[in-house]
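Data block below; observations after.
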Amino acid sequence: MITQQLINPKSIVVIGASNDVTKPGGKLLKNLIDHQFAGKLYVSNPKEDEIQGVKSYRNLNDLPQTDLAILAIAAKYCPDTVNLLARHKGTRAFIILSAGFHEENEEGAELERRIVATIEETGGCLIGPNCIGVMNPNYTGVFTLPIPKLVPHGVDFITGSGATAVFILENAVLRGLNFSSVFSVGNSAQLGVEEVLEYLDKTFDPKISSRVKLLYVESISNPAKLLKHSTSLIRKGCHIAAVKSGGSEAGSRAASSHTGALASSDVAVDALFRKAGIVRCYGREELVTVAGIFMHKELKGNRIAIITHAGGPAVMLTDALSNGGMKVPPVKGPKADELLKLLFPGSSVANPIDFLATGTAEQLGHIIDYCDRDFEEVDGMAVIFGSPGLFEVYDVYKVLHEKMLTSHKPIYPILPSLVNVKSEIEYFLGLGRINFPDEVAFGNALCKVWHTPAPQPEGYEYPKGFRPDVIRSIIEEVKEGYLSPDHVQALLDAAGIDRAGEAVVTSAADAVASAKSLGMPVVMKVVGPVHKSDVGGVVLNVSSEEQVADEFKRLITIKDTTAVLIQPMLSGIELFAGAMAEPKFGHTILCGMGGIFIEVLKDVTAGLAPIGKPEALDMIAKLKSAKIFEGVRGQAGVSVDLFAESIIRLSLLVVVAPEIAEMDLNPLLGSVNRVVTVDARIRIRR
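Counting along the sequence shown from 1, when you hit position 223 you're at 559 in our numbering, and nothing is skipped either side.
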């Protein structure tokens, strides 16, 4: 629990303060003094009587009551110091900058546990250890630079890495971003990214709270909490962007199912972010660019007017937007002709709207007005304006600022001349504006923001025919490992997942009888081997009794085969759906093209169970092969509604039966009127 003493302390003590500002305790104290902390400021160093003009308490027992303690001392001294402050000085908030805890060894981990136990017993909170600190408009409790402008409506930034925080802040400050708070959680011994986000959610005030949150996450300890509070904040009108690092894997994941081979913790993270509505970024530059977009007016559509006096950047931005699924629509008609008359000869209003290197501030104002008032085919504007350095362009940036105040549509300033017009850009940023210096980075980020879905609806209902009671009774009676075909069939039936009729036989006579009952031609598959096709264990179009008997005799001799599965021969497009249990995250649900193509194309999308219909349809739509479902070259398509229903039912099955470790429906055969499971495997892990 985050206490008020951490957010708005009336008194702060720096333990381990120093006159040497190259040391953390020295620099942090200097930051507090330079940025005029308004409360009572204390310091403690057993070797000093005064530090940077502040009285030093050599003995902590002499220290007055203190809200917040910031520790910059060796790890081994921290537990006793925390104990004294928490139990005798009323301190209810701690920031520990020091390293040497669980990130180092077990001895450090024990020190960390002692500290947390003391703080929790006394009702306090802890940021760190092994962090750079905390800053907000009330105080600058960090030992690093830069210190950004801290205002209530700036960006809230939570990071697991202090060094990364510094680099992100440097980039952001140069762009003109302001901040509301920065939390460097370090080891997250008590409070991590999820807990800080929870606090920001529970204390959110639509009148004064920041609406932009940035996260840098190296590990997600509590995915459910992150999902809950991210979703809640976004529904309250906030925007969240996050970098989750550490997603690559050194080697291939060992798994016996297609889902297991394709799913990973990073796939689960991606699914969680999409479910919550978080924009996932993959680097510092992208994160800061997305934050800048969030700080502008909301974009209501995906049609952008590019206003420029330089052709090359406009072409590159057009490519970035178009390749990212946004539109740069042609601008034409009487109003376009009217605008063209206000520009110099040779200008173009076709979009990009190019008003030439000689274009004036007045002309830029006219273009923005027409885009805002008269061009209904435009939802937002990107203004590219630099300079060869021949003359000052303050007037252009002044007009741009004024138009951004009055325009109903968002205007994104792309000001690439960081050297030639350095002073003018500083003037522009000083007006509270943000710069996007690279047009391609901006275009890619805008596409990512636009295509990130809104949070998925909460809760779920069981669809017609779904039997959770039957599912639980089956799960309770089965053992660990892969289920028998009979149990697989029973689970699919209880979940209401359509499946092909089938029979499991152990003799040639039973095989013939079952084939006749199901109706020939039939498919025959071995039961036992994991990858049936690889061992020659699948036979299609078996159309006579003699062939059924012969194939049974061959199949039953294949290594590890215990029986033969017989199904009617069906037709359709091969699809795939699967589930994989991921520690902490629950189940990742995947879908895509099926059969052998899942391994060749790896065209799959993922979500976190449970999956609702909007999310299932979005997963299908994001497949590269989605066009195939519409039908191509005379081939019938697939009902995406029925495919989505299979995904939904599969996701609810694993919610009811979390013991399912891996599950494949592969293939499902899809047509315009049916999506039917032809083969399924389920592995149980207790």
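A virtual CB, placed ideally from N, CA and C, is assigned to each residue, including glycine. Computed from a predicted structure; not experimentally measured.
Beta-carbon separation (whole angstroms), residue i vs residue j, contact threshold 8 Å
i	j	result
G389	I348	Wrong, their Cβ atoms sit about 15 Å apart, outside the cutoff.
G296	N466	No statement about residue 296 is possible, as the shown extent of the chain runs from 337 to 1022 and does not include it.
P360	A411	At roughly 13 Å, the Cβ-Cβ gap does not stay under 8 Å, so P360 and A411 are not in contact.
P950	P799	At roughly 15 Å, the Cβ-Cβ gap does not stay under 8 Å, so P950 and P799 are not in contact.
D385	S392	6 Å
L926	A942	5 Å
I406	V350	5 Å
G477	I431	6 Å
P542	F515	With a Cβ gap of about 19 Å, P542 and F515 do not count as contacting.
L377	I463	Actually they do not touch by this definition, with Cβ atoms about 18 Å apart.
H645	G695	5 Å
Three-state class that DSSP yields for residue i in the structure shown
i	result
F680	coil
G648	helix
V824	helix
L819	coil
H632	coil
K920	coil
F711	coil
L364	helix
H371	coil
R449	helix
T1013	strand
L462	strand
F802	coil
I544	coil
M955	helix
A499	helix
V848	helix
S759	helix
L767	coil
R589	In this prediction, R589 has a pLDDT of 42, which is less than 50 and means its spatial position is unreliable; what the coordinates show is noted afterwards. R589 falls in the coil class under three-state DSSP.
H594	Since pLDDT at H594 reaches only 46, below the 50 mark, its modelled position is unreliable, and the value read off the structure follows with that caveat. If DSSP states are grouped into helix, strand and coil, H594 belongs with the helices.
6 Å CB neighbourhood of residue i in its chain, flanking five on each side removed
i	result
Q903	A836, E838 and V859
V871	P865 and I894
I811	A993 and E995
A656	V776, G779 and N780
E881	V848
I544	P488
V532	I494 and F519
H565	L533, E534 and D537
Rounded straight-line distance, which links the Cα of residue j to that of residue i
i	j	result
I455	S546	29 Å
L1005	L562	37 Å
L854	K868	21 Å
A915	H923	6 Å
N367	G722	36 Å
P669	F711	A quick correction: the sequence has Gly, not Pro, at residue 669. Distance between the alpha carbons of G669 and F711: 9 Å.
N395	P482	33 Å
S517	S753	30 Å
N381	M631	43 Å
V418	I451	7 Å
H371	R1021	56 Å
L700	D673	16 Å
T567	V605	14 Å
S975	F965	7 Å
N1009	Q971	14 Å
S555	D954	27 Å
G573	H489	13 Å
S987	F609	18 Å
V664	N687	7 Å
A693	A641	18 Å
T842	N638	60 Å
G628	V719	15 Å
Residues near residue i by beta carbon distance below 8 Å, same chain, minus five either side
i	result
D939	G928, M929, F933, L959, K960 and S961
G801	G832
H787	G660 and G661
Interface flag, residue i vs chain B, CB-CB below 9 Å
i	result
A499	In summary, chain B is missing from the structure at hand, where a single protein chain is found.
Sequence-distant residues of the same chain with beta carbon closer than 7 Å to residue i, five excluded per side
i	result
A844	A885, F888 and K889
F979	L911, I956, G1006 and V1011
I703	I643, L675, I689 and F691
A952	A980, I983 and I984
Residue i: CB within 8 Å of a non-hydrogen atom of the ligand ATP
i	result
P804	This structure does not include the ligand ATP; it has no bound ligands of any sort.
### Task
Take every Cβ of the segment 777–796, pair it with every Cβ of the segment 660–670, and state whether three or more of those distances are shorter than 8 Å.
Using a Cβ-Cβ distance cut-off of 8 Å, the segment 777–796 and the segment 660–670 are in contact, since at least three pairs of beta carbons, one from each stretch, lie closer than that value.
### Query
Are the segment 722–737 and the segment 764–772 touching, with three or more C-beta to C-beta distances below 8 Å?
yes
### Message
Using a Cβ distance threshold of 8 Å, determine whether the segment 502–515 contacts the segment 609–623, with at least three qualifying pairs required.
### Response
yes
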